[in-house]
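As given, the protein sequences belong to chains A and B, one line each in that order. Positions 12 to 232 (the numbering used here) are the ones given, in order, by the first sequence. Positions 21 to 685 (the numbering used here) are the ones given, in order, by the second sequence.
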Amino acid sequence: MLKLSLASQLIHFGAALLLLTAFAMLTQRRVLSLVNLFAWQGLILSVSTAVVAYSSVQHHLYVSAALSLLLKVILLPLILRRLLKRLNVRWDNETLLSVPTTMLVGIVLVVFAFSLAQPIAELSTSIARSTLGIALAVVMLSFLMMITRRKAVSQVIGFLAMENGLFFAATSATYGMPMVVELGVALDVLVGTLILGVFFFQIREQFDSLDLQHLEQLKED
Amino acid sequence: MSLTPLSIILALVLAWFAVGLLGLIAPRNVAWVGRTLFPLGAAMGLAMAVAAVLAIFGATETRILAIGLPDLPMHLRLDALSAFFLALIGVTTTGISLFAAGYFRGGDGTAPGLMGLQYHVFLASMAMVVLADDAFAFMVAWETMALSSYFLVTTQHRVPEVQSAGFLYLLLAHIGAISLLLCFGVLQGGSWQFTFDAMRAADLAPAWASVAFGLALFGFGAKAGLLPLHVWLPEAHPAAPSPVSALMSGVMLKTAIYGMVRVSFDLLPHTQWRWGVVVMVVGGLTGLFGAVFAAVQSDMKRLLAYSSIENIGLIFSGLGLALLFRGMGMGTLSALALAATLYHCLNHAQFKSLLFLVTGSVMHATGERSLGKLGGLLRHMPWVAGMALIGTLAMAGLPPLNGFVSEWLLLQSYLLTPSLPHTLINMLAPLGVAVFALTTALASYVLVKFFGVIFLGQSREPTAPPARDAGLLERAGLIWLAATSVLLGLLPVLVLRALDRVNLELIGSSLGERAATWWSVMPLSSERASYSPLALGIGILVCVALTFLLVRRLYHGRIRLCTPWGCGYPQWTPRMQDTAEGFGQPIRRVFEPFFEVQRQTPTAFDSAPKYRVVVTDRWWGLIYAPIIRLVQMLSRWVSFLQQGNISLYLLYSFATLLTLLAFVL
């Protein structure tokens, strides 16, 4: 009983940290720091998945945890950092919308996500079911981050963070998706990042910048 | 599987398809596609005509093919009506395919092999339209026909005018198809069975039957070119290669007539006479409109396109007459009107295809489509000119050629309208007869212009190299169609016997054996009217021969060659001949309110005088332009969504997501 509650406390702690990183990403200007935050988020995700696996004796979740550790903490940040280096945008800053406004919108979103998750969480039997709201909030905050950014790289990070949120929702609500789906999603994310990397080069070649404002020229009048 | 006409015809449809696919082996090889595959296709067309003629006099055949969607097999049916139209398709495509064999050459447009595929798919789909016995099979075949012909129209797809003409055609074809889809939806009458058998059995309330009829008229009218849905015809025909124009005008428009007859006589058993009046009025107006517009055209293919509209109008007015008689319960008269209508379909397929092919030969020889730059081709292209003469005489409705027979029969049935038991119609009927007569007279006028400006006189462009006559295969196609025009005119008994079968099946009464013999045609009784094509033909032949002999034998050698009196003009150039515009000018003046004319006349002091007349269709401004403006306005509103800003797009999806989630909550 004590062990279970300890695990559930750990999971809740992880969820809180996840939400914190999501907010941090929402307000972070530096692209490089965004990548670091993304790596941290991946680590938290991986650890909390492992805790869920341990407490619920779901062995395939260990594989999920290892996979996300490998992919989201090591591989993807590595790729992104190399990309930033080769694109020479490591120290780029981004002009953001006013931080307090973004934060306030984010808080509204979190409230919305919690109220949305409440009836669904009732149905779940997982020990981590109360974290479903946080998972949804992470998805929405990442989406919000994509909306507020101008640079292509940070949008990709927002996209990846959204996937983190979905992954967390899956583990917390139903002890993870089937292994095949999880593998598929992981591969998709990897391939997607690689393809987007190629696009970055194309965009920069075309517009001499990674600022997506330039894409507005493509609009047909 | 025994060797019934239906199985032969299905095998031929498949064979057409196979011939088309074979063209893809060497799509750029003109010798392979043109000289081998197209003649093969022509032979299959002939075989199809023979099988279909056998089928007209045979029993009705049905078959269910297990292709298509699960639980929705294709129902096919070969009865007298579909066999008649299959015969039409077969006979006409024989000539057109022969011509096309010599016509297509390599160029910057679609590769000949690909075009061969589109062409033969087009043929096969037309045959399937006629065979279909359920709404699904019909719509699939109908849309295949529309799409394959769209690709054929846009063969020169790099030319902007061709692109827009193709788009207009596709748009109207689809609007028509939607209407047909709705029509079948009404026709099934709540049984949710989409076979034609179920539709025949469905007992529709009179109001719903009228709705179905109206939708069918709109849908088939859009394909046939009925007013005001005719706008695609004058655009698409000049854009398409000539054999394709011939096929579309000669054969494809007839599938619309087939559909109209099928729906209004077969699927809707209880005819209301009001439908007949509507169809008759619309058809009559379409005919007059087409004839008047044809008279002022100066592009030879546009001229023929408007003339197709005119003929479709005549056919529809005949159809309306047949419906009117049927609705009034006058079986024999209805049979006469329907026979005349279907006969005219067959005839129009022959001479209109022939004339479109002639324009193809002329264009190959001179590279010109504008009547203002042609002229005097009789000397350079005697074969083409001769065949064109037969075609124009047939279309002008002169005996003993085929156009006369059907127009005469149609006029006979018009003249019988006084026997209708309805005073208002009796009063309006003379008006209809007058419109009919005016239309046919104008059509003759148009054809004099067509033949005269192209073939007679002298070449208006002296610099052009002398034109060469058509090649052997092209000539064979022209001769085939000219021969069928003559035969259909001299031996109407063959056609009328076949049409008796159709009438018995659709209306339940026919003209009877006595109406037509080898020697003469008496639609109702010999006291009323009769016509002996063979006697007349022999008479005309004898007269011509005698005149020829007189001139050659008795008068020969007394011809004096000298310069004619020049009316005081010292210099004559070929440009001074009567032009197409000049020839059409009286009509343009008389029918001024029909047109929207922009005229630019030179002043006396112009150093480079120019005369320009642009005649446009009022319907465009009345109906189409407002719709286009509306669509453009709506699109401008929608285009506010497109800002090119990726954040905004993300915001759209985010807002959608939140709304949907809130909705679920």
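Don't be surprised by glycine CBs; every beta carbon is placed ideally from N, CA and C. This one's a predicted model, so the numbers in the text were calculated from it and none came from an experiment.
Unbroken beta strand (DSSP E) run spanning residue i, endpoints
i         : result
VAL634(B) : 632-637
PHE285(B) : Unbroken run through PHE285(B): none, as it is neither H nor E.
GLU616(B) : 615-620
HIS140(B) : First-last for HIS140(B): 132-151, but that is the alpha helix (DSSP H), not the beta strand (DSSP E).
LEU98(B)  : 94-98
Member of the options whose CA lies at the smallest distance from the CA of residue i
i         : options                                       : result
LEU374(B) : GLY303(B), GLY586(B), ALA405(B) and SER318(B) : ALA405(B)
ALA600(B) : ASP153(B), ARG322(B), PRO93(B) and GLY133(B)  : ARG322(B)
ARG495(B) : LEU377(B), LEU413(B) and LEU394(B)            : LEU377(B)
LEU205(A) : THR185(A), ILE168(A) and GLU193(A)            : ILE168(A)
ALA38(B)  : ALA120(B), ILE87(B) and ALA144(B)             : ALA144(B)
PRO606(B) : ALA565(B), ALA449(B), ARG573(B) and GLN317(B) : GLN317(B)
ARG638(B) : ARG632(B), PRO419(B), VAL312(B) and ILE332(B) : VAL312(B)
LEU516(B) : THR537(B), THR164(B) and LEU224(B)            : THR537(B)
ALA314(B) : GLY411(B), LEU253(B) and LEU397(B)            : LEU253(B)
ALA225(B) : GLN292(B), PHE625(B) and THR82(B)             : GLN292(B)
Beta-carbon spacing of residue i, residue j below 7 angstroms
i         : j         : result
PHE105(B) : VAL150(B) : yes
ASP154(B) : HIS95(B)  : yes
LEU270(B) : ALA369(B) : Inspection of the sequence shows that residue 270(B) is occupied by Gly rather than by Leu. Their beta carbons are under 7 angstroms apart, which means GLY270(B) touches ALA369(B) by this criterion.
LEU704(B) : LEU519(B) : The structure shown does not extend to residue 704(B), since chain B is modelled only from 21 through 685, so no value can be given for it.
GLY122(B) : PRO47(B)  : no
LEU360(B) : LEU430(B) : A quick correction: the sequence has Ala, not Leu, at residue 360(B). In contact: ALA360(B) and LEU430(B) (Cβ atoms closer than 7 angstroms).
ALA100(B) : PRO25(B)  : no
GLY557(B) : LEU510(B) : yes
VAL453(B) : TYR434(B) : yes
SER168(B) : PHE142(B) : yes
ARG488(B) : LYS393(B) : no
LEU80(A)  : SER57(A)  : yes
LEU498(B) : MET407(B) : yes
SER109(A) : LEU143(A) : no
GLY129(B) : THR164(B) : no
Residue i in three-state terms, based on DSSP
i         : result
HIS290(B) : coil
GLU400(B) : The question names Glu, but residue 400(B) in the sequence shown is His. Helix, per DSSP.
TYR123(B) : helix
SER211(B) : coil
ALA645(B) : helix
LEU13(A)  : Because LEU13(A) carries a pLDDT of 45, less than 50, the predicted location of this residue cannot be relied on, and the following value inherits that uncertainty. In the structure shown, LEU13(A) sits in a helix (DSSP, three-state: H, G or I).
ASP489(B) : coil
SER627(B) : coil
ASP217(B) : helix
VAL251(B) : coil
VAL541(B) : strand
LEU440(B) : coil
SER109(A) : coil
TYR551(B) : strand
ASP219(A) : coil
SER655(B) : helix
ASP154(B) : strand
Start and end residues, alpha helix (DSSP H) containing residue i
i         : result
ILE87(B)  : That residue, ILE87(B), is in no alpha helix (DSSP H); it is neither H nor E in DSSP.
GLU726(B) : Chain B is shown from 21 up to 685; residue 726(B) falls before or after that span and cannot be answered.
LEU668(B) : 666-684
LEU435(B) : 422-435
HIS384(B) : 351-386
LEU458(B) : 443-475
ARG608(B) : 600-610
HIS70(A)  : 70-79
MET151(A) : 143-159
ARG322(B) : 320-347
LEU89(A)  : 87-98
Chain-ordered neighbours of residue i on chain C, where CB pairs are closer than 9 angstroms
i         : result
ASN331(B) : You won't find chain C in this structure, because its protein chains are A and B.
Counting Cβ pairs, one atom from each stretch, are 3 or more of them under 8 angstroms apart for the region 258-278 of chain B and the region 653-661 of chain B?
Cβ pair count under 8 angstroms is below three, so no.
Does the contact criterion of 3 or more C-beta pairs under 8 angstroms hold for the region 271-287 of chain B versus the region 239-246 of chain B?
With the cut-off at 8 angstroms, the region 271-287 of chain B and the region 239-246 of chain B touch.
Count the CB pairs spanning the region 529-546 of chain B and the region 107-117 of chain B that are closer than 8 angstroms, and state whether there are at least three.
Segments in contact, no.
Okay, do the region 347-357 of chain B and the region 300-307 of chain B touch, 3+ Cβ pairs below 8 angstroms being the bar?
Contact between the region 347-357 of chain B and the region 300-307 of chain B is absent, with fewer than three C-beta pairs closer than 8 angstroms.
Do the region 17-25 of chain A and the region 43-53 of chain A make contact, defined as three or more Cβ pairs closer than 8 angstroms?
The count of Cβ pairs closer than 8 angstroms, one atom from the region 17-25 of chain A and one from the region 43-53 of chain A, stays below three, leaving the stretches out of contact.
Inter-stretch contact (C-beta, 8 angstroms, three-pair minimum) for the region 496-509 of chain B and the region 439-447 of chain B:
They do not touch, by the three-pair rule.
Would the region 332-341 of chain B count as touching the region 77-95 of chain B if we require 3 or more Cβ pairs under 8 angstroms?
The region 332-341 of chain B vs the region 77-95 of chain B: no contact.
Touch check for the region 663-671 of chain B and the region 216-231 of chain A: three-plus C-beta pairs under 8 angstroms?
Taking 8 angstroms as the limit for Cβ pairs, the verdict is that the region 216-231 of chain A does touch the region 663-671 of chain B.
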